[in-house]
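Novice:
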Amino acid sequence: MGKRPLDILNNALGNPVIIKLKGERSFRGTLEGYDIHMNLVLDNAEELSDTENEKKMGTVVVRGDNVVYISP
Amino acid sequence: MGKRPLDILNNALGNPVIIKLKGERSFRGTLEGYDIHMNLVLDNAEELSDTENEKKMGTVVVRGDNVVYISP
Amino acid sequence: MGKRPLDILNNALGNPVIIKLKGERSFRGTLEGYDIHMNLVLDNAEELSDTENEKKMGTVVVRGDNVVYISP
Amino acid sequence: MGKRPLDILNNALGNPVIIKLKGERSFRGTLEGYDIHMNLVLDNAEELSDTENEKKMGTVVVRGDNVVYISP
Amino acid sequence: MGKRPLDILNNALGNPVIIKLKGERSFRGTLEGYDIHMNLVLDNAEELSDTENEKKMGTVVVRGDNVVYISP
Amino acid sequence: MGKRPLDILNNALGNPVIIKLKGERSFRGTLEGYDIHMNLVLDNAEELSDTENEKKMGTVVVRGDNVVYISP
Amino acid sequence: MGKRPLDILNNALGNPVIIKLKGERSFRGTLEGYDIHMNLVLDNAEELSDTENEKKMGTVVVRGDNVVYISP
């Protein structure tokens, strides 16, 4: 299976990531945790938007079924 | 797995949270409970809206599959 | 896990609730039952609508995957 | 759990019901069977429509994931 | 549970059925098989359309999650 | 259960099939494999389109939840 | 079952692939890993777009439920 997707997330813990959600929403932040559903914990999270300023959000727990991709 | 997403919810019990749902609906309230599906219990819940006044709702049970993110 | 979501439903049995469904549909009625999928039984149910008069429906069984939130 | 949703369906066997499906489709008919997924069997089913005449359909097996609610 | 939905499908084997799919697609054909997911096998299948001529398709295997209803 | 849907796929191995996906996408190709989720392997696959020329794609692995139907 | 879909992914490890996601998003990159949900790891990933320039993204973890097809 090569590098398993969840192992890549594990290697990214403590590091900045971009996550893209369904419906064009994106976050940038530090990946602090995840689980097998790809529920994610981001710290220092900012919501990115083409049309608005960035919105600083502190900690966010993202439900995994919204995730399109995660880029460490 | 770092900080597990449900542990973050556990730490937020009794504290104010913002939850964002699919379809642009948002709530602010006190997180009083959750389960493994991310079904949530909010107390003193208010529905937030860009276009309308806030709507005070008391207690709400949110079905987890609607959740995009939770910000403690 | 604090107050579990299904316990809140259990406490609401026999009492009036508002339920909001996906697609902006809402019901008001007496919560008479539920199961672990959040399938719900309402008695004296009325469908609420911004654009039409309320529609009285007697008993309704709502499939849980339509539920956004339940407010006791 | 109060009256369980599937028990309400069981009590409705042999009786007329209205079922509302996602996407505004509705049926009226006699509930002849169901299973735990809320797959349903209707007899003497008619599809209801705001814009067209009723369409008589005899027996229909409805896949449960389409169901919004069932009203006995 | 009355007549179970899959039993109705079993009784319809070898007989003509109409199946309605999500997104307004319909097929007419002979039901030759099914499984517990309501995946279906139709023979002599024709795709029905309000706007186009019928399209003859021979055998089709329909994935069950597309099914709205089956009418024997 | 009559002819089981996955048996029909098994009989079609090595033969040309048309597959229709959700969102009006279609492929033509040789069915080289499948699994219980209806994930499919096509060889010599061509994407069909009403509005564009056919696009030759070699081998494609299609995730089963996109499939509407498969016609051998 | 012929060639199993996940075996095709296994054979593609270390090689360039195109992946098409729901909502018309596409990536090109080197397949570095996958799991049984078709969660994927791409290296040297580029997001392809008809309307914008390609966006170079390094490593991406794609959640499997977004995948339409993978072409090695």
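Protein chains in written order, with the working numbering: chain A, 1 to 72; chain B, 101 to 172; chain C, 201 to 272; chain D, 301 to 372; chain E, 401 to 472; chain F, 501 to 572; chain G, 601 to 672. Ideal Cβ placement from N, Cα and C applies to all residues, glycine included. The structure presented is a predicted model; accordingly, all values stated were derived computationally and were not measured.
Mind listing the chain D neighbours of C/Y269? Cutoff is C-beta to C-beta under 9 Å, in chain order.
Specialist: Listed along chain D is no residue with a C-beta nearer than 9 Å to that of C/Y269; the closest approach is about 16 Å.
Novice: For a contact meaning CB atoms closer than 7 Å, what does C/E232 contact in chain D?
Specialist: Neighbours of C/E232 on chain D, chain order: G302 and K303.
Novice: Apply the 10 Å Cβ neighbour rule to G/S684 and answer buried if 16 or more other Cβ atoms are within range, or exposed otherwise.
Specialist: The structure shown does not extend to residue 684 of chain G, since chain G spans only 601 to 672, so no value can be given for it.
Novice: Candidates G/S626, G/R663 and G/G623: which alpha carbon is nearest A/L9's?
Specialist: G/R663
Novice: Could you confirm whether any beta carbon from chain D is found closer than 8 Å to the beta carbon of C/V217?
Specialist: no
Novice: Are there 16 or more other CB atoms within 10 angstroms of the CB of B/E147, so buried, or fewer, so exposed?
Specialist: Answer is buried; the Cβ neighbour count reaches 16.
Novice: Rounded to whole angstroms, how far is the Cβ of B/V161 from the Cβ of B/N139, which I believe are closer than 8 Å?
Specialist: B/V161 to B/N139, Cβ: 7 Å. Contact.
Novice: Would you mind stating whether E/G402 and D/Y334 have Cβ atoms separated by less than 8 Å?
Specialist: yes
Novice: What is the residue span of the beta strand (DSSP E) that C/L231 lies within?
Specialist: Where C/L231 is concerned, the enclosing beta strand (DSSP E) stretches over S226 to Y234.
Novice: For G/K655, collect the residues of the same chain with a Cβ closer than 8 Å to its Cβ; drop the 5 residues on either side in sequence, then sort them by chain order.
Specialist: E646, E647 and S649
Novice: Along chain E, which residues have their Cβ under 9 Å away from the Cβ of D/D307?
Specialist: Within 9 Å Cβ-Cβ: nothing; D/D307 doesn't reach chain E, min ~11 Å.
Novice: Do E/E432 and E/L442 count as a contact pair if the criterion is CB distance below 8 Å?
Specialist: yes
Novice: Just reading off the alpha helix (DSSP H) that D/P372 is part of, what are its end residues?
Specialist: First-last for D/P372: undefined, no H or E at that position.
Novice: Quick one, which residues of the region 254-268 of chain C are near chain B if we go by CB-CB under 8 Å, in chain order?
Specialist: G264, D265, V267 and V268
Novice: Could you pull out every residue in the same chain whose Cβ sits closer than 8 Å to the Cβ of D/Y369, ignoring the five residues on either side in sequence?
Specialist: Take D/Y369, set aside five residues on each side of it, and the residues of its chain with a beta-carbon closer than 8 Å to its own are I319 and K320, in chain order.
Novice: Would you grab the beta carbon distance between F/N544 and F/G529 for me? Rounded to a whole angstrom, and I think it's under 8 Å.
Specialist: 5 Å
Novice: Name the chain A residues that come within less than 9 Å of G/L648, Cβ to Cβ?
Specialist: Correct list: empty, because the minimum Cβ distance to chain A is about 13 Å.
Novice: Pull up the distance between the alpha-carbon of E/R404 and that of F/G558, whole angstroms please.
Specialist: 44 Å
Novice: So does F/L509 have its beta carbon nearer than 7 Å to some heavy atom of the ligand GTP?
Specialist: With respect to the ligand GTP, the structure shown offers nothing to examine, as it has no ligands at all.
Novice: Between which two residues does the alpha helix (DSSP H) holding C/N244 run?
Specialist: Looking at the DSSP string, C/N244 is not in any alpha helix (DSSP H); the run it does join, the beta strand (DSSP E), is L240 to L248.
Novice: Does any CB atom of chain E fall closer than 8 Å to the CB of D/N311?
Specialist: Interface flag for D/N311 against chain E is unset, since no Cβ pair is found closer than 8 Å.
Novice: Does D/N339 get closer than 8 Å to chain E when you measure Cβ to Cβ?
Specialist: Judged by the 8 Å Cβ criterion, D/N339 is in contact with chain E.
Novice: On the premise that A/L6 lies in contact with A/I36, defined as a C-beta separation below 8 Å, what is that separation, rounded to the nearest angstrom?
Specialist: Approximately 7 Å separates the beta-carbon atoms of A/I36 and A/L6; this is inside 8 Å, confirming the contact.
Novice: Cα separation between C/N211 and B/N111?
Specialist: 24 Å
Novice: Suppose you measure from the CA of B/F127 to the CA of B/V117; what does that come to, to the nearest Å?
Specialist: Per the coordinates, the alpha-carbon of B/F127 lies some 8 Å from the alpha-carbon of B/V117.
Novice: Could you check where the alpha helix (DSSP H) with D/L306 kicks off and where it finishes?
Specialist: Segment P305 to N311, the alpha helix (DSSP H) holding D/L306.
Novice: Excluding five sequence neighbours on each side, which residues of the same chain lie with their C-beta closer than 7 Å to the C-beta of G/N666?
Specialist: L621 and K622
Novice: May I have the straight-line CA-CA distance separating A/R25 from D/R325, to the nearest angstrom?
Specialist: One C-alpha to the other measures close to 32 Å.
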